[in-house]
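Take a look at the structure set out below.
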Amino acid sequence: MGKATIIPFGPQHPVLPEPLHLDLVVEDEKVVEAIPQIGFVHRGLEKLVETRDYNQFIYVAERICGICAFGHSYGYAETVERLMGVEVPERAQYLRVIWHELSRVHSHILWLGLAADAFGYESLFMHCWRLRERVLDIFEKTTGGRVIFSVVKVGGVVRDIDAAQLAEIIRVLEGIKQDYKQIMDAFLKDSSVMNRTVGVGYLSFEDATNLSMVGPFARASNVPYDVRSLGIGAYGSLSDFEPIVDAQGDCYARMKVRALEVLQSIDIIEEMIARIPSGDIAVAVKGSPADGAEAACVVEQPRGECYYYARGNGSKNLERMRMRTPTSQNLAGMVKALEGCDLADVNMVILTIDPCISCTER
Amino acid sequence: MGAFKLGKMTISGLFKQPETVQYPVQTKTPPTGLKGHVTNDVTQCILCGICQKRCPCGAIEVSKPNRTWSINRFRCVQCGSCVRECPKSCLIMEPTYAPCSTAKHVDVFEVPEHHKSEDVIKTSE
Amino acid sequence: MGFATEFTTITLQELPELSNQRKADGWRFVQLLAVNTDAGIDLIYSFMKDGLLVNSEIKGVTKDQTVPSITNNFLAAFVFENEVHDLFGVNIEGIAIDFGGNFYALAQKEPMTIISPEQKAAREKARKIAEAKAAKEKASQEAAPSEQPAPKPEVEQVNLEAKLAGMDPEKAAKVRAAMEAKAKKEAAAKKSEAKTDGEGA
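Protein chains in written order, with this note's numbering: chain U, 1 to 362; chain G, 1001 to 1125; chain R, 2001 to 2201.
Here it is as structure tokens:
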């Protein structure tokens, strides 16, 4: 047993897209303990709710994160609607789910690309991002934005997707599916990928439940928890939804869960498009939330369950808005998964948790 | 298990059309409804100031005494609230992005005095 | 599986017991949040099981009180406990991974406890609206026993006051002036009407 050494990792590191600092206590090449530190990009977005009214804050909410931008605006709107007792038209709920699942497709493909980049498979990374671009094109055509959509408002959505565009979405998704299956083969069956991921960063089912993990990270440790199965909004009308789980609990399992979730999301979008009802896309929301009224809601973001809380104070401005993002929940699990791994595998372990530090700090 | 699973895709990529465009020479036509930049049809504007109130980032300033409508494009986030809330539908979201610039500036639109449309009809009669 | 939320109030002393019980019953820790109020900081602990989200609220925690950490049962809470300590200045004792106030790199201490002028104005406005509403209800209750179908002018006045309370003072003054002018005009019109009637007869 060698002497314990502390190696600082991050906040700026080639493999990390976002600022996360870790103090890695290593003995020889093995990590004994990891102490995370965040707090480099705290922007005080939750405080901004005091200066923007509840209709305007939705644009702040979607700027919390670039990848889950739609998810945050959707979760925020859902929470404020619960706070004010607004019933959203069914078509708007379906449209929200379609966009939300499209975000998941693009987020997971983006993540797969980053993972490929992290273990040095550059051409796989490029193919992933090439596919993701097609999803962004759908967003551009249906919402007018590629990253920030500003398409949700309290009481519904601001834009409809007409039948021609819905058919176009299905056509594009079918094309993506063809290419994606080849990419998935490379991820799940290629020996060079498996050598880097199988058995790395193991987290047991017991640890995942004890540490209250969420999202694909938990599902890769066989925790069958997915907010979508609770049936909030239009998810309730899905004919069949089973969370994708894997029992391995290592980096490979986490990659597999995300890879399969892309296909699941495409299926959900196709079902939603097939069953979308016609009708209004928004209701007028009048008045302001009552003093002391509270509401909470959860949404399954690409990275896991996100919790929203809102409290009104009788005026147009909310008293408090809170988002608890999946990464802040998963930090404890990340520390656990890092214990005992090789120093060279640290980047793979961190990446497979898909940390979004900007989300965590807001 | 196996190696080079991506082979088929990589090799077929040699013979396919490129997914990208040769940018300055070729450009993509922007889709309708793209959130590019906000302009004001000044002949319709009544300087009501609703856009200024609804703007989440304080980019729009309406001055009734000076009869001007100005927008700070460096603050604007293209959310489109002003376009939706405009009672006269005189604000338009153009599908082209605002050009980049070396200095921050505010775009000012002079709103001409105009009579109500009924008045115009009356005088023409 | 459906989704339901529940809000309950607990006291600070009940917290360790609640955390132990939740742990024993296999609940999942969802989050901890704080809300800054006049009476102190409200802490809300959320737990979830089978689609039931229970938010347990501890009202009005003051600076001199110490909150026991729940990281002994739920390690995932260390992020939120550090956050609440850094942003709201709540004393939390015994966090498993304690950063001692260095979790967030902040320019200002306890930024979330500062009441911004906007928040103050919003609270003031909400209070005024609530007061005006209460006054309106009182007036309508008083008006109810008297058998007069027409709305009393006072009720109208109160209605207007309720609306005015929500506006900024400059605008409210303008509206008041306009209302007075209108009342004068109406009175004048009535007078002249009475005059013409008299002349006609």
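Ideal Cβ positions, reconstructed from N, Cα and C, are used throughout, including at glycine. Here the structure is a predicted model, which means the values were calculated and not measured.
Under 8 Å from the C-beta of residue i: neighbouring residues of chain U
| i | result |
| --- | --- |
| glutamate 1019 of chain G | Arg130, Glu133 |
| isoleucine 2044 of chain R | Tyr309 |
| proline 2111 of chain R | Gly44, Lys47 |
| alanine 2105 of chain R | Gly39, Phe40, His42 |
Chain U contact residues for residue i, given Cβ-Cβ distances below 9 Å
| i | result |
| --- | --- |
| arginine 1084 of chain G | Lys153, Val158 |
| proline 1056 of chain G | Arg52, Asp53, Asn55, Gln56, Phe57, Ile58, Tyr59, Val60 |
| threonine 1010 of chain G | Ser123, His127 |
Proximal residues of chain U, C-beta to C-beta of residue i below 7 Å
| i | result |
| --- | --- |
| glycine 2051 of chain R | Leu230 |
| glycine 2002 of chain R | Leu230, Gly231 |
| cysteine 1079 of chain G | Tyr59, Ser150 |
| leucine 1034 of chain G | Glu140, Gly144 |
| arginine 2028 of chain R | Ser212 |
| phenylalanine 2007 of chain R | Glu294 |
Distance between residue j and residue i (C-alpha atoms, nearest Å)
| i | j | result |
| --- | --- | --- |
| valine 172 of chain U | proline 8 of chain U | 44 Å |
| glutamine 93 of chain U | threonine 1039 of chain G | 31 Å |
| glutamine 178 of chain U | serine 1089 of chain G | 44 Å |
| isoleucine 148 of chain U | glycine 1080 of chain G | 12 Å |
| lysine 2049 of chain R | tyrosine 252 of chain U | 28 Å |
| glycine 2094 of chain R | alanine 2077 of chain R | 12 Å |
| leucine 318 of chain U | aspartate 2098 of chain R | 31 Å |
| aspartate 28 of chain U | alanine 344 of chain U | 12 Å |
| serine 2140 of chain R | lysine 2128 of chain R | 18 Å |
| leucine 2015 of chain R | proline 277 of chain U | 47 Å |
| aspartate 2042 of chain R | glycine 2060 of chain R | 5 Å |
| valine 2065 of chain R | leucine 2033 of chain R | Here the sequence assigns glutamine to residue 2065 of chain R, which means valine is not the residue at that position. Roughly 17 Å between the two C-alpha positions. |
| glutamate 1061 of chain G | cysteine 1086 of chain G | 14 Å |
| phenylalanine 2088 of chain R | alanine 77 of chain U | 26 Å |
| cysteine 306 of chain U | glutamate 1110 of chain G | 46 Å |
| glycine 314 of chain U | glutamine 12 of chain U | 44 Å |
| tyrosine 235 of chain U | glutamate 46 of chain U | 28 Å |
| histidine 72 of chain U | alanine 61 of chain U | 6 Å |
| valine 2030 of chain R | glutamate 33 of chain U | 25 Å |
| alanine 2181 of chain R | tyrosine 54 of chain U | 36 Å |
| aspartate 291 of chain U | phenylalanine 2074 of chain R | 32 Å |
| lysine 3 of chain U | cysteine 341 of chain U | 17 Å |
| glutamine 329 of chain U | lysine 2138 of chain R | 49 Å |
Residue i vs residue j beta-carbon contact at 8 Å
| i | j | result |
| --- | --- | --- |
| isoleucine 169 of chain U | isoleucine 273 of chain U | yes |
| proline 1024 of chain G | proline 1095 of chain G | no |
| leucine 1047 of chain G | arginine 1073 of chain G | no |
| phenylalanine 70 of chain U | tryptophan 111 of chain U | no |
| alanine 337 of chain U | valine 346 of chain U | no |
| valine 156 of chain U | lysine 1035 of chain G | For the sequence presented, residue 156 of chain U should be read as glycine rather than valine. No, these two residues do not count as a Cβ contact at 8 Å. |
| glycine 249 of chain U | serine 212 of chain U | no |
| valine 283 of chain U | valine 135 of chain U | no |
| arginine 132 of chain U | isoleucine 161 of chain U | no |
| serine 2079 of chain R | leucine 331 of chain U | For the record, residue 2079 of chain R in the displayed sequence is valine; it is not serine. Yes. |
| proline 19 of chain U | glycine 10 of chain U | yes |
| alanine 2126 of chain R | glutamate 50 of chain U | no |
| glutamate 300 of chain U | isoleucine 38 of chain U | no |
| leucine 351 of chain U | valine 105 of chain U | no |
| arginine 320 of chain U | arginine 311 of chain U | yes |
| methionine 243 of chain U | serine 229 of chain U | For the sequence presented, residue 243 of chain U should be read as proline rather than methionine. Yes, these two residues count as a Cβ contact at 8 Å. |
| valine 2067 of chain R | leucine 2012 of chain R | yes |
| glutamate 294 of chain U | phenylalanine 2003 of chain R | no |
| proline 1056 of chain G | tyrosine 59 of chain U | yes |
Any non-hydrogen atom of the ligand PLP closer than 7 Å to residue i Cβ
| i | result |
| --- | --- |
| valine 1021 of chain G | No copy of the ligand PLP occurs in the structure displayed, which carries no ligand at all. |
Under 9 Å by beta carbon: chain R residues contacting residue i
| i | result |
| --- | --- |
| tyrosine 202 of chain U | Per Cβ cutoff of 9 Å: no residues; tyrosine 202 of chain U is ~17 Å from chain R at best. |
Beta-bridge pairing of residue i - partner residues as DSSP gives them
| i | result |
| --- | --- |
| serine 2046 of chain R | R:Gln2031, R:Asn2055 |
| alanine 296 of chain U | U:Tyr309 |
| proline 8 of chain U | U:Asp23 |
| glycine 2040 of chain R | R:Thr2037 |
| glutamate 2006 of chain R | R:Val2054 |
Under 7 Å from the C-beta of residue i: neighbouring residues of chain R
| i | result |
| --- | --- |
| aspartate 291 of chain U | Ala2126, Ala2130 |
| serine 315 of chain U | Ala2122, Lys2125, Ala2126 |
Beta-carbon neighbours of residue i, restricted to chain G and to distances below 8 Å
| i | result |
| --- | --- |
| leucine 124 of chain U | Leu1006 |
| aspartate 162 of chain U | Simply none; closest approach about 11 Å. |
Contact set between residue i and chain G, taken where Cβ atoms lie within less than 7 Å
| i | result |
| --- | --- |
| lysine 141 of chain U | Pro1031 |
(request) Could you pull out every unbroken alpha helix (DSSP H) segment of at least 4 residues lying fully inside the segment 1065-1101 of chain G, listed in chain order? (result) Counting only runs of 4 or more, we get 1081-1085.
(message) Quick check for students: name the residue ranges of the alpha helix (DSSP H) that lie wholly in the segment 118-158 of chain U, counting only runs of 4 or more.
(response) Runs of the alpha helix (DSSP H) lying entirely within the segment 118-158 of chain U and spanning at least 4 residues, in chain order: 122-143.
(message) Ignoring anything shorter than 3 residues, give me the beta strand (DSSP E) runs that lie fully in the segment 1009-1065 of chain G, in order along the chain.
(response) Runs of the beta strand (DSSP E) inside the segment 1009-1065 of chain G: 1037-1040, 1060-1063.
(request) Report the residue ranges of all beta strand (DSSP E) runs contained in full by the segment 225-307 of chain U; include only those spanning at least 3 residues, in chain order. (result) Fully enclosed beta strand (DSSP E) runs of 3 or longer: 294-301.
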